[in-house]
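Participant:
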Amino acid sequence: MIYLTLFFEFFKVGLFALGGGLAALPFLQDLIIKYGWMTAEELLNMIAISESTPGAIGINTATFIGYNTTGIAGGITATLGLAAPSIIIIIIIAHYFQKFNEHPLVESAFSGIRPAVAGLIASAAFELAQGGIFELNKLQLNQNFKDFFDYKSLLLLVFIFIAIRKFKQHPIVYIVFAAVIGIIFKF
Amino acid sequence: MKKILKIFFIFFKIGSFTFGGGYAMLPIIKRELVDNLGWIKEKDIYNYYAIGQSTPGIIAVNTATMTGYSLQGIKGALAATAGFILPSLIIITLIASFFKRFQEINLFQHAFAAVQITVVALILDIVIKMWQKSDKSKVSLFLFLLSFLLLVVFNISPVFVVLGAAGSGILIQYLRGNLQTAYQNYKEETKDSDQL
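So the protein sequences, as listed, match chains A and B. Sequential numbering of the first sequence, starting at 1, is according to my numbering. Sequential numbering of the second sequence, starting at 1001, is according to my numbering.
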């Protein structure tokens, strides 16, 4: 009955992990320890791979853990378990949202939410840049502004940003280009 | 049926190129569904993302389900979610079965480090476009900066930021008197449609 266990354990993670894949990681670590599905080293490798391959981190991790227990069927079961609460909850919300999205209360709520979403997205970019492009910790440690930026990364950021504004290509074009650059220049 | 398949394949594409959290899918969703197909309005994507952020579950899956539902009801929601998840299933299963000793992991990490920087650039571009399309009011700018600071400096959960922003939106429209007029119009409109 490993499949039932996989499905419901991941269903629980999907239900209680508020805030996306990274928020789900502590839950997943508990799970792995509880059932002995992986070693600590395997877990670290798995998170590194899940972060650096396409797709939502939570979904990637679920597929990984499920596959490790019982192969392909396990991977599918764990992933469906994780996604199921999202699908159920969002379909219910979407149903009412379609009905009430013209209601003045909902419209005014979203007039406030939209600038906040810009803030949410900008903060995600900031967290991503912190570590990749600049490191606040390094500045505090060394008090040396020279070490603050990773110049290779900063150069790539400026280059890609200008290209995006100028050429207006599909985002996938820049992503594939960057992946190749990253491998060639060992980012 | 045709539209369902198209939804599935678009989200398959989105799932194949989303590196990082749910925000990383926004530039691709915008390009495919707003710019190329004109199936939804740009502001709707951000509304759906806000809903996806503040409900339980994986944000990217929530956003995919929400967007799919708006395109074609429950079928659309399932098609979008299935399409979004499938690349993960395929790629991770391949990696898990072929890279047993995880030696090739470096290659992924080099690629990912550079892709991350690209995602930062794509997000910056999106934020600039959001500003250009907004009402450019001081209140919007204030709400933007406040939520950015709350998230980055004070590590407040996005859920509370979204809820707080919703409350502020209602309060601001009420103080301006917009809410009351909109409510009157809304009541008359629904009365009209009831009579019809």
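Using N, Cα and C, we set each Cβ at its ideal position, and we do this for glycine too.
Consult DSSP for B/Gly1177 and reduce its assignment to one of helix, strand or coil.
Facilitator: Locating residue 1177 of chain B in the second sequence gives position 177, counting from the first residue. Three-state DSSP puts B/Gly1177 in coil, outside helix and strand.
Participant: Give the interface partners of A/Pro26 over in chain B, defined as CB-CB distance under 9 Å, in chain order.
Facilitator: Locating residue 26 of chain A in the first sequence gives position 26, where the first residue counts as 1. Ordered by position in chain B, no residue passes the 9 Å Cβ test against A/Pro26, which lies about 14 Å from the chain.
Participant: Buried or exposed for B/Gln1184, please, with buried defined as at least 16 other CB atoms from any protein chain shown within 10 angstroms of its CB.
Facilitator: Locating residue 1184 of chain B in the second sequence gives position 184, counting from the first residue. Looking at its Cβ environment, which holds fewer than 16 other Cβ atoms inside 10 Å, B/Gln1184 is exposed.
Participant: Report back the beta-carbon spacing between A/Ser108 and B/Ile1170 to the nearest angstrom; my notes put them in contact at under 8 Å.
Facilitator: Residue 108 of chain A sits at position 108 when you count from the first residue of the first sequence. Residue 1170 of chain B sits at position 170 when you count from the first residue of the second sequence. Going by Cβ atoms, the distance from A/Ser108 to B/Ile1170 rounds to 5 Å, so yes, they are a contact pair.
Participant: List, in chain order, every chain A residue whose beta-carbon is nearer than 7 Å to that of B/Gly1169.
Facilitator: If you number the second sequence from 1, residue 1169 of chain B lands on position 169. Simply Ser108, Ala109, Phe110, Ser111, Gly112, Ile113.
Participant: Measure the CB-CB distance between B/Tyr1049 and A/Pro104 and report whether it falls below 8 Å.
Facilitator: Translated into positions along the second sequence, residue 1049 of chain B becomes position 49. Translated into positions along the first sequence, residue 104 of chain A becomes position 104. Result no, Cβ atoms of B/Tyr1049 and A/Pro104 do not sit closer than 8 Å.
Participant: In whole angstroms, what separates the C-alpha of A/Thr5 from that of B/Gln1109?
Facilitator: Reading the first sequence from its first residue, position 5 is the one you call residue 5 of chain A. Reading the second sequence from its first residue, position 109 is the one you call residue 1109 of chain B. Rounded to whole angstroms, A/Thr5 to B/Gln1109 spans 32 Å at the Cα level.
Participant: Counting only C-beta atoms, is A/Leu40 closer than 8 Å to chain B at any point?
Facilitator: Position 40 of the first sequence holds residue 40 of chain A. Correcting the residue type first, residue 40 of chain A is Ala in the shown sequence and not Leu. Output row for A/Ala40: interface = no.
Participant: In three-state terms, what does DSSP make of A/Phe187?
Facilitator: The residue labelled residue 187 of chain A in the question sits at position 187 within the first sequence. Coil at A/Phe187, not helix or strand.
Participant: Return the bridge partner residues of A/Phe134 from the DSSP annotation.
Facilitator: By one-based count along the first sequence, residue 134 of chain A stands at place 134. According to DSSP, which records beta bridges pairwise, A/Phe134 is partnered with A/Gln130, A/Phe149.
Participant: Any idea what DSSP makes of B/Phe1154, helix, strand or coil?
Facilitator: As a first step, residue 1154 of chain B must be located in the second sequence, where it is residue number 154. B/Phe1154 falls in the coil class under three-state DSSP.
Participant: Between the Cα of B/Leu1149 and the Cα atoms of A/Lys168, A/Leu120, A/Val180, A/Ser86, which residue gives the shortest distance?
Facilitator: By one-based count along the second sequence, residue 1149 of chain B stands at place 149. Per the Cα distances, A/Leu120.
Participant: Would you tell me roughly how many angstroms separate the C-alpha atoms of A/Tyr174 and B/Phe1160, rounded to the nearest one?
Facilitator: For the purposes of this step, residue 174 of chain A is identified with residue 174 of the first sequence, where counting begins at 1. For the purposes of this step, residue 1160 of chain B is identified with residue 160 of the second sequence, where counting begins at 1. Going by the C-alpha atoms only, they are around 33 Å apart.
Participant: Are the CB atoms of A/Gly74 and A/Gly66 within a distance shorter than 8 Å?
Facilitator: Position 66 of the first sequence, counted from the first residue, corresponds to residue 66 of chain A. Position 74 of the first sequence, counted from the first residue, corresponds to residue 74 of chain A. It is a contact, given that the beta carbons lie within the stated cut-off.
Participant: Report the residue ranges of all alpha helix (DSSP H) runs contained in full by the stretch 1025–1067 of chain B; include only those spanning at least 4 residues, in chain order.
Facilitator: Whole alpha helix (DSSP H) segments, 4+ residues: 1026–1029, 1042–1053.
Participant: Cα separation between B/Ile1045 and A/Tyr96?
Facilitator: By one-based count along the second sequence, residue 1045 of chain B stands at place 45. By one-based count along the first sequence, residue 96 of chain A stands at place 96. Answer to the nearest angstrom: the Cα atoms are 17 Å apart.
Participant: Counting pairs of Cβ atoms below 8 Å between the stretch 1140–1147 of chain B and the stretch 80–95 of chain A, do you hit three or more?
Facilitator: Touching, no.
Participant: For A/Met38, is the classification buried or exposed, using 16 other Cβ atoms within 10 angstroms of its Cβ as the cut-off for buried?
Facilitator: Residue numbering aside, residue 38 of chain A sits at position 38 when the first sequence is read from its first letter. So A/Met38 counts as buried.
Participant: Could you check the C-alpha separation between A/Ala178 and A/Pro171 for me, to the nearest Å?
Facilitator: Numbered from 1 along the first sequence, position 178 holds the residue referred to as residue 178 of chain A. Numbered from 1 along the first sequence, position 171 holds the residue referred to as residue 171 of chain A. Each residue's alpha carbon lies about 11 Å from the other.
Participant: Between B/Ile1085 and chain A, is the shortest Cβ-Cβ distance under 8 Å, so that the two count as touching?
Facilitator: One-based indexing of the second sequence puts residue 1085 of chain B at position 85. So yes, B/Ile1085 belongs to the interface.
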